[in-house]
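Note that the sequence shown covers residues 1 to 262 in my numbering.
Note that beta-carbon positions come from the ideal geometry of N, C-alpha and C, so glycine has one too.
The structure appears right after this line, and notes come after that.
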Amino acid sequence: MARTIERWWTVQQGPGPIIATAIHDGHGLRPEAAEAMALSDLDRLREEDPFTGQSVQDVETHVIAHLSRFEFDLNREAAEAVYRTPEQSWGLEVWKAEPSEAFVARSLALHTEYYRMLGALLDGVAARHDKFVVIDVHSYNYRRDGADADPTPQDKAPDINIGTFSMPREQWAFLLDPLMEAMAGFDFNGRKLDVRENVAFQGKGAQTRFIHERYPQQGCAIALEFKKFFMDEWSGQPDEAELDAMRRFIRFTADKCEELLA
């Protein structure tokens with residue numbers, strides 16, 4: 001029998017001060033987690049951030065997670081990273097039975113390993129650059145009431161939501177304000193995107209908090225959420241032209257960040 005290849009994450013390193021991450025792109029599960037999982041693939045996919053991984057690939061330094069947030073969520077602190085109740089997971093029953101403490105510990109060991117890896121990666125960037133930026137790419141649903149129901153109104157669901165909750169905002173205003181203006185001016189397949197700050201989400205995730213606490217003077221972590229206009233969030237089918245534009249948009253964002261740091 002062929003051995004199953006289990007990938008946790010992919011890390012590519014380059015020389016510059018900009019890093020892009022897609023920590024909810026993953027759909028994989030460790031074998032014991034797959035056996036214990038109650039959710040269908042499509043139910044999991046709906047709450048994951050598919051295609052965000054491809055959007056960061058043109059940034060020289062990037063990290064793409066391959067394991068599903070339904071095994072452990074890299075954007076939550078360890079105590080909350082394994083969803084044990086429906087209240088933690090959009091009302092979904094994740095497991096066929098309550099996971100054992102030993103099972104949870106094996107998943108959380110990978111959560112710890114991720115942050116150990118990320119710290120080492122960013123320590124190297126911090127040693128080479130006075131300041132650096134992490135573009136923390138996510139996506140969010142806006143058709144939660146069903147495939148045929150009305151979407152969330154635009155005033156509550158911008159195309160791009162920038163979360164800055166844990167960021168020392170005044171310290172990084174020199175970068176963030178012109179960056180958001182540049183994002184709003186980007187030609188995204190012939191249209192301009194609605195880019196706003198702290199509307200649908202505030203950027204309260206564990207990864208941005210980790211970066212701002214570990215590198216208070218050097219590191220700016222920007223939580224960037226694409227509304228899922230680039231796919232059908234109920235069927236999982238993407239729009240390839242929109243995916244191409246997403247990739248160009250993140251590359252443009254990274255280039256603009258580097259220009260503003262110079």
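With fewer than 16 other beta carbons inside 10 angstroms of its own, Gly185 counts as exposed. In chain order, Val63, Asp136 place their CB closer than 6 Å to the CB of Thr21, counting only its own chain and leaving out the 5 sequence neighbours on each side. Look at Val125 here: in three-state DSSP terms it is helix.
Annotated three-state conformation of Ser107 is helix, per DSSP.
If you draw a straight line from the Cα of Asn198 to the Cα of Thr164, it is about 7 Å long. Counting only residues of its own chain and dropping the five nearest sequence neighbours on each side, Pro50 has a CB closer than 8 Å to the CB of Asp25, His27, Ser139, Met231, Gly236, Pro238. Within the segment 188-226, the complete beta strand (DSSP E) segments at least 3 residues long are 195-197, listed from N- to C-terminus. Within a 10 Å sphere around the beta-carbon of Thr61 sit 16 or more other beta-carbons, which makes this residue buried. In the DSSP assignment, Ile160 falls outside any alpha helix (DSSP H) and lies within the beta strand (DSSP E) extending over 160-163. According to DSSP, His138 shares a beta bridge with Glu225. Pro86 carries a helical assignment under DSSP once its states are collapsed to helix, strand and coil. When C-alpha distances from Arg144 are compared across Trp90, Gln12, Pro31, Ala206, the shortest belongs to Trp90. Pairwise C-beta distances place the segment 153-167 in contact with the segment 214-226, as three or more of them are shorter than 8 Å. Of the candidates Ala262, Lys227, Glu233, Gly190, the residue whose Cα lies closest to the Cα of Ala241 is Gly190.
Non-local beta-carbon contacts of Gln12 in its own chain, meaning distances under 6 Å to residues more than five positions away in sequence, involve His62 in chain order.
Closest option to Asp255, judged by alpha-carbon separation, among Ala36, Ala182, Val125: Ala182. Per DSSP, Ile250 is one residue of the alpha helix (DSSP H) stretching across 240-261. Going by DSSP, Gln54 is part of the alpha helix (DSSP H) stretching over 52-55. Ala262 and Glu48 have their alpha carbons spaced roughly 35 Å apart.
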